[in-house]
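Q: In terms of my numbering, the sequence shown opens at residue 78 and continues consecutively. Here you go, one structure.
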Amino acid sequence: MVAQVLPQIPEEARATVSQSVNDGRDAAKFTIRYGLDTTNSLGRLVATTVALRRHAWLCTFRFSGDVQQSLMDMSFDGSRLF
């Protein structure tokens, strides 16, 4: 699309317009990368929080090691502890 408009821009302004387009593209790539990294970090935070919450809950009871391991291996559905 820029290639279609670029010939209509005066020669002395083409470099500036081209640089602005490149800067905008770089900013968009950075924003996308930032969003992906933030989402990844939040996912890890939630997983860590669930693990710590389960661990704290299990420490309050005197279950055997096998029972604790079975409980820790249960899947997380998001609405309850286990």
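By construction, the Cβ of each residue, glycine as well, lies at the ideal position given by its N, Cα and C atoms.
For the candidate residues M78, V98, M149, whose alpha-carbon lies nearest to that of A124?
A: For the residues M78, V98, M149, the minimum Cα distance to A124 belongs to M149.
Q: Excluding sequence positions up to five away, which residues of its chain have a Cβ less than 7 Å from the Cβ of R91?
A: If we look at R91 and ignore the five residues flanking it on each side, its Cβ neighbours are L83.
Q: Could you give the distance in angstroms between the alpha-carbon of D100 and the alpha-carbon of R121?
A: In a straight line, the C-alpha of D100 is about 31 Å away from that of R121.
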